[in-house]
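K.L.:
The listed protein sequences derive, respectively, from chains A and B.
Residue 151 in the UniProt record's numbering sits at position 151 of the first sequence, and the numbers go up by one each step.
Residue 133 in the UniProt record's numbering sits at position 133 of the second sequence, and the numbers go up by one each step.
Every residue gets a Cβ at the ideal spot worked out from N, C-alpha and C, and that includes glycine.
Quick one: the structure is below, questions incoming.
There are 2 protein chains.
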Amino acid sequence: MLERIRIVLIGTSHPGNIGGTARAMHNMGLTDLALVAPRCEPLTADTVSRASGADALVHGAHTVETLEEAVADCTLVVGASARSRTLPWPMITPRALGERLPEELAAPESRVALVFGREDSGLTNAELQRCHAHVHIPTNPDFSSLNLAAAVQVLAYECRLAWLDHQADEPQAPAEQPLASHEELEHYFAHLERTLVAIGFHDPATPRQLMARLRRFTLRARPERMELNILRGILSYTERLVPRREDD
Amino acid sequence: MLERIRIVLIGTSHPGNIGGTARAMHNMGLTDLALVAPRCEPLTADTVSRASGADALVHGAHTVETLEEAVADCTLVVGASARSRTLPWPMITPRALGERLPEELAAPESRVALVFGREDSGLTNAELQRCHAHVHIPTNPDFSSLNLAAAVQVLAYECRLAWLDHQADEPQAPAEQPLASHEELEHYFAHLERTLVAIGFHDPATPRQLMARLRRFTLRARPERMELNILRGILSYTERLVPRREDD
């Protein structure tokens with residue numbers, strides 16, 4: 001189970017935090033690290049010093065340019081978020097996240113991504129809206145900014161506890177229907193937006209959070225692949241009704 | 001409650017770990033730090049850098065020569081221990097420790113100490129035997145040595161969770177957005193089915209469980225009233241595109 005949990009760090013500035021993250025992961029039995037557009041050289045003397053023997057995880061990390069690439073194959077994407085946002089998103093506690101993991105990872109092809117933002121500014125709204133849910137580590141409101149590796153440590157610890165608890169249980173039956181992957185969901189959202197523009201319902205120049213609201217609604221339902229196929233079928237039928245413009 | 005939990009570091013070698021400990025404590029709302037015979041200058045540039053704004057806790061720390069002095073007024077002393085020892089001692093998990101805290105700290109004069117050993121060799125047997133119990137953070141057996149500040153982070157997090165749980169007798173705030181009523185949902189499903197028939201996607205004569213699947217998907221998301229209004233708006237825009245039949 002633990003090998004199918006991916007830690008994703010976006011725009012990290014300090015190599016020491018990458019090393020600290022690798023150590024925290026290895027301590028808790030996690031192995032899958034992805035770095036999205038790091039703002040520093042990932043492997044320096046600081047990395048190795050803070051990794052304290054876990055730098056193999058940094059050597060093995062995938063470095064990519066976008067969050068989409070990092071989580072394309074993931075069936076659950078959870079963003080670590082300190083702030084409550086203008087558009088509220090499903091929020092879970094680290095403990096509730098841990099408790100969900102055995103079921104989320106019951107199917108062998110399932111993957112969970114835990115996404116952490118920049119040291120100075122966290123995750124952007126666009127990044128947060130690509131997540132099924134946000135996890136908030138409860139902190140002192142007067143001093144709420146956790147060190148990046150410390151935040152990874154807390155969530156990795158909850159992952160390990162959930163895994164240990166699960167060892168004693170009976171094996172879970174996988175969900176009957178495979179869930180849609182992040183990539184399939186993004187294709188659906190792109191198709192949905194195109195269609196809403198084509199039918200005149202949506203004007204990207206005045207978005208009024210429309211796509212964000214539709215994302216939140218859809219992600220909350222955790223669509224199965226087959227459900228997404230139905231929804232895309234509806235979009236295709238709708239598109240056919242749109243009169244072709246002369247200059248098309 | 002949190003102000004009566006003391007973090008005790010024995011024989012720390014790296015100022016950065018003292019700074020990281022202060023940050024982890026302050027993040028979780030702990031304030032009481034004691035240093036026993038540190039093997040480094042506690043306040044250096046490294047301390048301040050890792051403390052990231054929490055160095056006041058290091059300024060306020062009591063530095064003493066022996067564990068006895070550091071925990072003299074404590075009613076419960078718990079030692080962080082990685083190893084199982086020759087002489088078995090009461091062992092608790094971090095979670096069980098958290099669950100015990102509200103009762104342990106119910107009396108106003110009570111104090112709890114969480115004791116952490118040296119980076120290289122942990123607590124001595126003599127120190128461990130001065131503890132009421134030992135707490136073991138579950139780790140990967142192949143890579144079990146946690147960073148000192150990371151270990152403090154995990155236990156401080158459990159302290160904060162226990163404190164928050166203890167506060168949680170307060171009534172919960174209602175959801176910000178009202179959920180759609182059953183009636184509103186049924187109107188939506190009727191509208192959806194009409195539209196899917198109109199665009200030629202759905203034939204009620206051969207339903208293939210289509211509406212059942214769309215119901216299940218939608219209900220799973222527990223739609224808010226506003227979200228349902230958006231979905232009905234999309235249906236209305238779609239219906240307008242359907243060419244009117246001659247006999248309508």
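How many angstroms separate the CA atom of A/Gln167 from the CA atom of B/Val197?
P.N.:
In the first sequence, residue 167 of chain A corresponds to position 167, counting from 1. In the second sequence, residue 197 of chain B corresponds to position 197, counting from 1. Rounded to the nearest angstrom, the two C-alpha atoms are 49 Å apart.
K.L.:
Could you run through the stretch 204 to 221 of chain B and flag, in chain order, every residue whose CB is less than 9 Å away from some CB of chain A?
P.N.:
Result list: Leu210, Arg213, Leu214, Arg216, Phe217, Thr218, Leu219, Arg220 and Ala221.
K.L.:
What is the C-beta distance between A/Ala80 and A/His62, in whole angstroms, given that I count them as a contact (C-beta under 8 Å)?
P.N.:
Within the first sequence, residue 80 of chain A is the residue found at index 80, counting from 1. Within the first sequence, residue 62 of chain A is the residue found at index 62, counting from 1. Between A/His62 and A/Ala80 the Cβ distance is about 19 Å, and since that is not below 8 Å, they are no contact.
K.L.:
How would you call B/Asp142, buried or exposed, if buried means at least 16 neighbouring beta carbons within 10 angstroms?
P.N.:
Sequence index remark: in the second sequence, residue 142 of chain B carries index 142 (1-based). Answer is exposed; the Cβ neighbour count stays below 16.
K.L.:
Could you work out which residue in B/His26, B/Ser49 and B/Cys40 is closest to B/Leu57 when comparing CA atoms only?
P.N.:
Counting from one through the second sequence, the residue named residue 57 of chain B turns up at place 57. Of the listed residues, the one whose Cα sits closest to B/Leu57 is B/His26.
K.L.:
Alpha carbon to alpha carbon, how far is A/Leu210 from B/Ile230?
P.N.:
The count along the first sequence starts at 1 and reaches residue 210 of chain A at position 210. The count along the second sequence starts at 1 and reaches residue 230 of chain B at position 230. C-alpha separation (whole angstroms): 8 Å.
K.L.:
In this structure, what does DSSP give as the bridge partners for A/Glu183?
P.N.:
Within the first sequence, residue 183 of chain A is the residue found at index 183, counting from 1. In DSSP, A/Glu183 forms no bridge with anything.
K.L.:
Fully enclosed by the UniProt domain "tRNA/rRNA methyltransferase SpoU type" (5 to 157) of chain B, which alpha helix (DSSP H) runs are 4 residues long or longer?
P.N.:
Qualifying alpha helix (DSSP H) stretches, in chain order: 15 to 28, 45 to 51, 56 to 59, 67 to 71, 94 to 104 and 125 to 128.
K.L.:
How about B/Val115 and B/Ile18: do their beta carbons lie closer than 8 Å?
P.N.:
Locating residue 115 of chain B in the second sequence gives position 115, counting from the first residue. Locating residue 18 of chain B in the second sequence gives position 18, counting from the first residue. The answer is no: Cβ separation not under 8 Å.
K.L.:
Check whether chain B comes within 8 Å of A/Met1, counting only Cβ atoms and requiring the distance to be less than that.
P.N.:
Here the question's residue 1 of chain A lines up with position 1 in the first sequence. Answer no: the Cβ-Cβ gap between A/Met1 and chain B never drops below 8 Å.
K.L.:
For A/Ser13, collect the residues of the same chain with a Cβ closer than 6 Å to its Cβ; drop the 5 residues on either side in sequence, then sort them by chain order.
P.N.:
By 1-based counting over the first sequence, the position of residue 13 of chain A is 13. Answer for A/Ser13: Arg39, Cys40 and Glu119, listed in chain order.
K.L.:
How about B/Pro178: is its C-beta nearer than 8 Å to some C-beta of chain A?
P.N.:
If you number the second sequence from 1, residue 178 of chain B lands on position 178. With 8 Å as the cut-off, B/Pro178 does not count as an interface residue toward chain A.
K.L.:
Would you say A/Ser144 reaches chain B, if we count a Cβ-Cβ gap shorter than 8 Å as a contact?
P.N.:
Walking along the first sequence from the start, residue 144 of chain A turns up at place 144. Judged by the 8 Å Cβ criterion, A/Ser144 is in contact with chain B.
K.L.:
I'd like to confirm the pairing. Which residues does DSSP put opposite B/Glu224 in its beta bridges?
P.N.:
In the second sequence, the residue the question calls residue 224 of chain B occupies position 224. Note: B/Glu224 sits in a beta bridge opposite B/Leu179.
K.L.:
Would B/Gln172 pass as an interface residue toward chain A - the criterion being a Cβ-Cβ separation below 8 Å?
P.N.:
On the second sequence, residue 172 of chain B is found 172 positions in, with the first residue counted as 1. Below a pLDDT of 50, predicted positions are generally treated as unreliable, and B/Gln172, at 43, falls in that range; the measurement from the model is reported next regardless. It does not: the Cβ of B/Gln172 has no partner Cβ on chain A nearer than 8 Å.
K.L.:
Would you tell me roughly how many angstroms separate the C-alpha atoms of B/Pro171 and B/Arg160, rounded to the nearest one?
P.N.:
Translated into the one-based positions of the second sequence, residue 171 of chain B becomes position 171. Translated into the one-based positions of the second sequence, residue 160 of chain B becomes position 160. Because the pLDDT of B/Pro171 is 45, which lies under 50, any placement of that residue in the model is unreliable, and the question is left without a value.
K.L.:
When burial is assigned at 16 or more other CB atoms within 10 Å of the CB, is B/His59 buried or exposed?
P.N.:
The count along the second sequence starts at 1 and reaches residue 59 of chain B at position 59. Label assigned to B/His59: exposed.
K.L.:
Can you have a look at B/Gly200 and say buried or exposed, based on whether 16 or more other CB atoms are within 10 angstroms of its CB?
P.N.:
On the second sequence, residue 200 of chain B is found 200 positions in, with the first residue counted as 1. Exposed is the call here.
K.L.:
Going by CA-CA distance only, name the one from A/Leu148, A/Ser121 and A/Val78 that's closest to A/Ala24.
P.N.:
Sequence index remark: in the first sequence, residue 24 of chain A carries index 24 (1-based). Nearest of A/Leu148, A/Ser121 and A/Val78 to A/Ala24, Cα basis: A/Leu148.
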